[in-house]
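*Asks:* Here the protein sequences line up with chains U and L, keeping their order.
Take any residue in the first sequence, count from 1 to its spot, add 122: that is its number in the working numbering.
Take any residue in the second sequence, count from 1 to its spot, add 13: that is its number in the working numbering.
Glycine included, C-beta positions come from ideal geometry on N, C-alpha and C.
For clarity, every value in this text was computed on a predicted model and none was experimentally measured.
The structure's right below; bear with me while I get my questions together.
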Amino acid sequence: MRRLSPWLNVLVWLGVAAPLLYLSWGLWTDRLGANPIQEITHQTGRWTLRFLLATLAITPLRRLTGWNGWIRWRRRLGLAAFFYASIHLLLYLWLDQFFDWGEIGRDILKRRFITVGLLAYGLMVPLAMTSTAGWIRRLGGRTWRRLHRLVYAIAVLGVLHYWWAVKFDWRPPLAYGLILLALFLLRLRRPRVGRIDATALPRRTAAPVGDPTD
Amino acid sequence: QVRRKSNPGPYDTDEPWTSYEDITTYNNFYEFGTGKRDPARNAHRLRTRPWTIRVEGLCHRPATYELEDFIKPYTLEERVYRLRCVEGWSMVIPWLGFPLAEVLRRAEPMSSAKFVEFTTLYDPEQMPGQKAPILDGPYVEGLRLDEALHPLTILAVGLYGKMLPNQNGAPIRLVVPWKYGFKSIKSIVRIRFVEKQPITTWMKAAPHEYGFYSNVNPNVDHPRWSQKTERRIGEFRKRKTLLFNGYAEQVAHLYEGMDLRKYF
Chain U
123 MRRLSPWLNV LVWLGVAAPL LYLSWGLWTD RLGANPIQEI THQTGRWTLR FLLATLAITP
183 LRRLTGWNGW IRWRRRLGLA AFFYASIHLL LYLWLDQFFD WGEIGRDILK RRFITVGLLA
243 YGLMVPLAMT STAGWIRRLG GRTWRRLHRL VYAIAVLGVL HYWWAVKFDW RPPLAYGLIL
303 LALFLLRLRR PRVGRIDATA LPRRTAAPVG DPTD
Chain L
14 QVRRKSNPGP YDTDEPWTSY EDITTYNNFY EFGTGKRDPA RNAHRLRTRP WTIRVEGLCH
74 RPATYELEDF IKPYTLEERV YRLRCVEGWS MVIPWLGFPL AEVLRRAEPM SSAKFVEFTT
134 LYDPEQMPGQ KAPILDGPYV EGLRLDEALH PLTILAVGLY GKMLPNQNGA PIRLVVPWKY
194 GFKSIKSIVR IRFVEKQPIT TWMKAAPHEY GFYSNVNPNV DHPRWSQKTE RRIGEFRKRK
254 TLLFNGYAEQ VAHLYEGMDL RKYF
């Protein structure tokens, strides 16, 4: 497997950074409406879910298209999800609660959407940390794959967080839930694509970049 | 740029007004969509003339009015009120309206009338949000008769000295400044005197989250968020939310002896 061609590399980076650029531009030009803080909080939450779902779409895409190249996008998509989740959480801690830890603690205990949201973020941290080739090697492909199966729990918790957070319009979180369900169902089929051959990987990633469902 | 009222009356706040732009583009009016900007985009579909209002129920003088005739007897006055949304944001809005009490007295309520029920227009063609499976039927709100008769309670037909924009509840809406914003029902077509406490749209939709009274109260949390603080639109820091939205002096006596946690 060759690395991403330079222009595709740039394209993927731009895709990942686009929501951030868009939000920054919107903030700068005062286009985010009367309550920009809430707007950015909501948008970064949605982008976290979108990137999570995109991450989970890689395996079904490989199976459906028979092209293994998709796998090269996955780490970046996963890290993008983590990045937007970090902004989302920071906005809550800072601009919603102003680091009032007592109030934040009460929120975590009292409100289930906060509880599951924070739990989902907590589970993302080790995945983001071990996303490098070095960590894949250190953990060994098998352990690494097992650890990264946490992404399923994260996605479910993420959708649940959205579902419980909305005031009344349940349609958007339902849409995310259905897409997640579809991605799970696609995984139930027997894989048509075999495991990636470790020798075909670029030299930098010596260990197989495992796919949790393989 | 900052506007304040130069000669505030007894019911006005002297706080700076939220910008006209923000007041008219950041709305909760699910009849035109659930996004905050949807009402400003979609409310042009609402035809506010001709418009009829029925005053009915337990009163001696029920009647159906054309909007112009309904408003004619009253003197419009500017009232600068805080508006606190249940979602945790707030604004300061210079309304143009008249006390609801004058309308109610004119209808001569019977002694059996204990509550007033308000209904929004129901017409999914003009209000496309009503086709969505979110809130069913026309929006219904209600007040206890003494709340409805309180001098702070007004019917508004304008803001910032202009006619009410459709997204803000044209042609006529309720404003009850010590209650969460959703109590201030928009685009009213019916006012009815009733004996029993009305079942409001939000009580029906989520009974654990929205009660009949819905008085602004920092000590009673919404199940999903604290109501202790609010973000005033246009401000960075959050403010402390005040009991009865800062109108405790005028309205606290209405709830004397009531457990506000139970009657939330």
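I need the straight-line Cα distance from Lys92(L) to Leu282(U), nearest angstrom please.
*Replies:* Lys is not the amino acid found at residue 92(L); the sequence shown has Arg there. Taking the straight line from one Cα to the other gives about 43 Å.
*Asks:* Leaving aside the five residues before and after Leu133(U) along the sequence, list all residues of the same chain whose C-beta is less than 7 Å from its C-beta, in chain order.
*Replies:* Taken in chain order, the list of residues that qualify is empty.
*Asks:* Tell me, to the nearest whole angstrom, how far the beta carbon of Phe111(L) is from that of Gly155(L); I am working on the premise that it is less than 8 Å.
*Replies:* Rounded, the Cβ-Cβ distance is 20 Å, inconsistent with contact.
*Asks:* When the cut-off is 9 Å and only beta carbons count, does Ala242(U) lie next to chain L?
*Replies:* No, Ala242(U) lies away from the interface with chain L (no Cβ there is under 9 Å from its Cβ).
*Asks:* Please confirm whether Leu89(L) and Thr65(L) have their CB atoms less than 9 Å apart.
*Replies:* For Leu89(L) and Thr65(L), no; Cβs fall outside 9 Å.
*Asks:* At a CB-CB cut-off below 9 Å, which residues of chain U make contact with Ile212(L)?
*Replies:* None at all; the shortest Cβ gap to chain U is about 17 Å.
*Asks:* Excluding five sequence neighbours on each side, which residues of the same chain lie with their C-beta closer than 6 Å to the C-beta of Gln139(L)?
*Replies:* For Gln139(L), where only same-chain residues beyond five positions count, the Cβ hits under 6 Å are Arg58, Leu59.
*Asks:* Which residues in chain L sit within 7 Å of Gly155(U), going by Cβ to Cβ distance?
*Replies:* Thr38, Tyr39, Lys49, Arg50, listed in chain order.
*Asks:* Extract the residue ranges of the alpha helix (DSSP H) inside the stretch 120 to 163 of chain L, only unbroken runs of 4 or more that lie entirely within it.
*Replies:* Whole alpha helix (DSSP H) segments, 4+ residues: 158 to 162.
*Asks:* Identify the contact partners of Arg244(L) in chain U, using a Cβ-Cβ distance below 8 Å as the criterion.
*Replies:* The contacting residues are Asn157, Ile159, Gln160.
*Asks:* Nearest to Thr133(L) by alpha carbon, out of Thr214(L), Glu121(L), Ile147(L)?
*Replies:* Ranking the options by Cα distance to Thr133(L), first place goes to Thr214(L).
*Asks:* Span of the alpha helix (DSSP H) holding Arg168(U)?
*Replies:* Its alpha helix (DSSP H) spans residues 158 to 187.
*Asks:* Could you list the residues in the stretch 188 to 221 of chain L with a C-beta less than 7 Å from some C-beta on chain U, going in chain order?
*Replies:* Taking 7 Å as the Cβ-Cβ cut-off against chain U, the residues of the stretch 188 to 221 of chain L that qualify are Ala218, Ala219.
*Asks:* Can you grab the Cα-Cα spacing for the pair Leu245(U) / Leu272(U), in whole Å?
*Replies:* Leu245(U) and Leu272(U): Cα-Cα distance of roughly 7 Å.
*Asks:* Would you mind listing the beta strand (DSSP E) stretches within the stretch 63 to 128 of chain L that are 3+ residues and don't spill past its ends, in chain order?
*Replies:* Entirely contained in the stretch 63 to 128 of chain L, the beta strand (DSSP E) runs reaching 3 residues are, in chain order, 65 to 70, 76 to 79, 90 to 97, 102 to 112.
*Asks:* In the DSSP assignment, the alpha helix (DSSP H) including Ile301(U) goes from what residue to what residue?
*Replies:* First-last of the alpha helix (DSSP H) with Ile301(U): 293 to 310.
*Asks:* Determine the contact status of Cys72(L) and Glu121(L), defining contact as a CB-CB distance below 9 Å.
*Replies:* Going by C-beta atoms, Cys72(L) is nearer than 9 Å to Glu121(L).
*Asks:* Decide yes or no for the touch test of the stretch 14 to 32 of chain L against the stretch 94 to 107 of chain L: beta carbon pairs closer than 8 Å, at least 3 of them.
*Replies:* They touch, by the three-pair rule.
*Asks:* Look up Met271(L) in the DSSP assignment and say whether it is helix, strand or coil.
*Replies:* If DSSP states are grouped into helix, strand and coil, Met271(L) belongs with coil.
*Asks:* Buried or exposed: where does Lys253(L) fall if 16 or more other Cβ atoms within 10 Å of its Cβ makes it buried?
*Replies:* The residue in question, Lys253(L), is exposed, as its Cβ has fewer than 16 Cβ neighbours within 10 Å.
*Asks:* Give me, in chain order, the residues of the same chain whose beta-carbon lies closer than 6 Å to that of Arg205(L); leave out the 5 immediate sequence neighbours on both sides.
*Replies:* Within the same chain, Arg205(L) has close Cβ partners Glu69, Gly70, Glu130.
*Asks:* Give a yes or no on whether the minimum CB-CB distance between Asp291(U) and chain L is below 9 Å.
*Replies:* Yes, Asp291(U) lies at the interface with chain L (some Cβ there is under 9 Å from its Cβ).
*Asks:* When you check each C-beta in the stretch 128 to 152 of chain L against every C-beta of chain U, which residues fall closer than 9 Å?
*Replies:* Residues Ala145, Pro146, Ile147, Leu148.
*Asks:* Is the Cβ of Gly247(L) closer than 9 Å to any Cβ of chain U?
*Replies:* Cβ-Cβ to chain U under 9 Å: yes for Gly247(L).
*Asks:* If contacts are defined as beta-carbon pairs under 8 Å, then Thr177(U) and Arg196(U) qualify, I think. What distance do you get, rounded to the angstrom?
*Replies:* That belief holds up - the Cβ atoms of Thr177(U) and Arg196(U) are roughly 6 Å apart, short of 8 Å.
*Asks:* Counting only beta-carbon separations shorter than 9 Å, does Lys253(L) have a partner in chain U?
*Replies:* For Lys253(L), the answer is no, since every Cβ of chain U falls outside 9 Å of its Cβ.
*Asks:* Given a cut-off of 9 Å, decide if Phe45(L) and Ile185(L) are closer than it, judged by their beta-carbon atoms.
*Replies:* For Ile185(L) and Phe45(L), no; Cβs fall outside 9 Å.
*Asks:* Taking the alpha carbon of Glu161(U) as the reference point, which residue from Asn55(L), Pro52(L), Gly48(L) has its own alpha carbon closest?
*Replies:* Selected option, being the one with the closest Cα: Gly48(L).
*Asks:* Given that Trp102(L) touches chain U, what residues does it touch there, using C-beta distances under 9 Å?
*Replies:* The contacting residues are Ala156, Asn157, Gln160.
*Asks:* At what residues does the beta strand (DSSP E) containing Arg244(L) begin and finish?
*Replies:* Segment 242 to 245, the beta strand (DSSP E) holding Arg244(L).
*Asks:* Apply the 10 Å Cβ neighbour rule to Leu249(U) and answer buried if 16 or more other Cβ atoms are within range, or exposed otherwise.
*Replies:* It is buried - the Cβ of Leu249(U) has at least 16 other Cβ atoms within 10 Å.
*Asks:* For Arg95(L), which of Ala218(L), Ile198(L), Glu160(L), Asp27(L) has the nearest alpha-carbon?
*Replies:* When each option's Cα is compared against that of Arg95(L), the closest is Asp27(L).
*Asks:* Scan the stretch 226 to 242 of chain U for residues whose Cβ lies nearer than 9 Å to a Cβ of chain L and list them as they occur along the chain.
*Replies:* Cβ contacts with chain L come from Arg228, Asp229, Lys232, Arg233, Arg234, Phe235, Ile236.
*Asks:* Can you pull the DSSP bridge partners for Met176(L)?
*Replies:* DSSP, once it has assigned bridges, lists Gly171(L) as partnering Met176(L).
*Asks:* Give the residues of chain L in contact with Phe220(U), contact being defined as C-beta atoms less than 8 Å apart.
*Replies:* Near Phe220(U) (Cβ distances below 8 Å), the residues of chain L are Arg250, Lys251.
*Asks:* Roughly how many angstroms separate the alpha carbons of Thr37(L) and Asn181(L), rounded to a whole number?
*Replies:* About 7 Å.
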